[in-house]
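Worksheet for the structure shown next.
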Amino acid sequence: MALAGITSYIKNSSLYKTVTSGSQRVQQAFYDCVPNFSVGSEKWQKRIKWVGSEISSPENRLILGVTALMSQPFIDANNKSVDEETRKVSVCRTIAKIIAGTTTGVLIRYGCIDAINKWSKLPTSVDKLGQKVKLTGLNTLFSPSNAGHDLCEAVKQYRKTLGTILSLFVMSITNFVIDAPLTKYLTNKFIEHNGGVKHDASK
Amino acid sequence: MTPLNNLAELASKKFMSVKNYLYKHYGEEPGKMLVHTGVLSWTLSAAAQVMAIVFNDKISKKEKLFLIPQECADAAINILSFYLVTNAFTNFGVKLVKSGKLTTPKIDKYIKDNNVKDIGKITTDISKNMTGDTLEEFKSLKSGISMITNTLGSIISCNLLTPVLRNEYAARKQKEILANQKLDKNSQEISKMQLFKPLSMAAYQKLAYTKFSGSDMKI
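Protein chains in written order, with this note's numbering: chain A, 1318 to 1520; chain V, 232 to 450.
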């Protein structure tokens, strides 16, 4: 109640109103520069729909990983603020980190989303043979009570969201158990492959 | 009913409000979910990566002085850029659809038939009174565009902005740490010398030479 009171006080204050209206005006000016556009082609409509429905956190992580490999090592290699040896280690570690992080991140996200799909059955759920699934405590563990039909888009996205959240908990362990040692192993391999690092006496 | 099912049912009931909240808030906006889970993900990943550097014997102390701040900066900048860049891109995409700037012929027809006003205004929500197939098409378009703009924002923030900013920050941090270490070592030497004899000109020159004085510090 106290928090709601504070929030309402802030929202009614003249400073808040001035800032939000100013920010809205800036945003509106930016939006006004964007021309109106209608996606007429059915092919493109289908593609956009497919992206919204099928692309989720594992695919997003994969896209980020691939684009990271295409950009980050080059940025590190051209970092003139550090000496050559540090730059070399930095590039090797960046590549190792991207490979380890993307591989485990994508696999764990897929695995967790798959697990949530199995444990969030609804009364309308059917198996591969088209038979109604017998609901148990375990396979409804993550089922929401306000969900519609099993095949509706919101249920699909809910499962992906919960799967992603579950994967974050799993990754809080695998980050230490798999990611970090794998990054270390790959970094050392890449450094060795590049002729090792010269250590001077002052280090 | 098996004990495992009993336990699962109990857990299921206990977290019903959490599940319903997730269903309501993320069910139709996958882009928003990616922003929120992305922040958590980067935090956990950074913690693990810092540990990996700390315990890697093959990376020298000097390189660790660069890589540890680099990783911390990576996490801080990633989280900030996620909220500033990725979120801005996602909201931009969603608002384009909500305000009627980006449509499909079916949505265009709905706007004309229902005489929807204030098209293109950021406060407008054309889906307010939508129903049936048009609403489904609107949701699909919004979901797809939010995902596309989110991915675009993530690429820009995580793969272009972050590496440049974190390198700059980490290099500056490394210089500072090395300068402080040199200064500490030097002042220890000087205080030792002062115990036994007065400060010589050579020692004074050495102190003046190694004192950190900004960007020209060699690393």
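Yeah, the Cβ is synthetic: ideal placement off N, Cα and C, and Gly gets one too.
For clarity, every value in this text was computed on a predicted model and none was experimentally measured.
In the displayed model, A:Val1494 falls within a helix according to three-state DSSP. Taking C-beta separations shorter than 7 Å and ignoring five residues to either side along the sequence, the partners of A:Ile1495 in its chain run Thr1421, following chain order. For A:Lys1506, the closest of V:Leu333, V:Val316, V:Asn287 and V:Leu311 by C-alpha to C-alpha distance is V:Asn287. Residue pairing by DSSP places V:Leu333 opposite A:Phe1354 in a beta bridge. Shown here for A:Asp1467: same chain residues with a beta carbon closer than 6 Å to its own, the five before and five after excluded, namely Leu1439, Thr1441 and Ser1442 in chain order. Among the residues of the region 1377-1396 of chain A, those with a Cβ less than 7 Å away from any Cβ of chain V are Asn1377, Ile1380, Leu1381, Thr1384, Ala1385, Ser1388, Gln1389, Ile1392, Asp1393 and Asn1396, in the order of the chain. Taking 4 residues as the minimum length, the alpha helix (DSSP H) runs contained wholly in the region 297-359 of chain V are 318-329 and 336-344, in order along the chain. The beta carbon of A:Arg1410 sits closer than 6 Å to the beta carbons of Thr1504 from its chain, once the five residues preceding and following it are set aside; these are given in chain order. If you look at V:Met361, you'll find it isn't in any alpha helix (DSSP H); DSSP assigns it neither H nor E. Excluding its 5 nearest sequence neighbours in each direction, A:Ser1460 has C-beta neighbours in its own chain below 7 Å: Ser1437, Lys1438 and Leu1439, listed in chain order. Residue pairing by DSSP places A:Lys1363 opposite no residue, since no beta bridge is assigned to it. Annotation: Cβ neighbours of V:Leu333 in chain A (cutoff 9 Å, chain order): Val1351, Asn1353, Phe1354, Ser1355 and Val1356. No Cβ of chain V is located within less than 7 Å of the beta carbon of A:Leu1446. Not flagged as an interface residue toward chain A: V:Thr365, since no C-beta distance is shorter than 7 Å.
For A:Asp1467, not one C-beta of chain V is nearer than 7 Å to its own C-beta.
Spatial neighbours of A:Ser1374 in its own chain (CB-CB distance under 6 Å, excluding positions within 5 residues in sequence) are listed in chain order as Arg1426 and Thr1481. Annotated three-state conformation of A:Val1368 is helix, per DSSP. Secondary structure within the region 1385-1442 of chain A: not one fully enclosed beta strand (DSSP E) run of 3 or more consecutive residues is present. For a Cβ distance threshold of 9 Å, residue set Thr268, Leu271, Ser272 and Leu275 of chain V lies close to A:Leu1485, ordered along the chain.
A Cβ-Cβ separation of about 7 Å places A:Ile1365 in contact with A:Val1356 under the 8 Å criterion. The alpha-carbon of A:Ser1484 is positioned some 39 Å away from that of A:Tyr1326.
Here DSSP, grouped into helix, strand and coil, assigns A:Lys1449 to strand. Setting aside the 5 residues that flank it on each side, V:Phe320 is surrounded in the same chain by Thr380, Asn381, Leu383 and Gly384, each with a C-beta closer than 7 Å to its C-beta; the list follows chain order. The region 363-375 of chain V makes contact with the region 329-338 of chain V, as at least three CB pairs between them are under 8 Å. The region 305-316 of chain V and the region 348-355 of chain V do not touch, with fewer than three beta-carbon pairs separated by less than 8 Å.
Going by C-alpha positions, V:Ile376 is about 49 Å away from V:Ala410.
C-alpha of V:Val316 to C-alpha of V:Ser330: approximately 21 Å in a straight line.
Scanning chain A for C-beta atoms nearer than 7 Å to the C-beta of V:Ile290 yields Val1406, reported in chain order.
By the Cβ rule, the region 1384-1391 of chain A counts as touching the region 1405-1419 of chain A, because three or more pairs are nearer than 8 Å.
In the displayed model, A:Asp1349 falls within a helix according to three-state DSSP. The DSSP-derived three-state label of V:Asn398 is helix. For A:Val1399, the closest Cβ of chain V is nearer than 7 Å.
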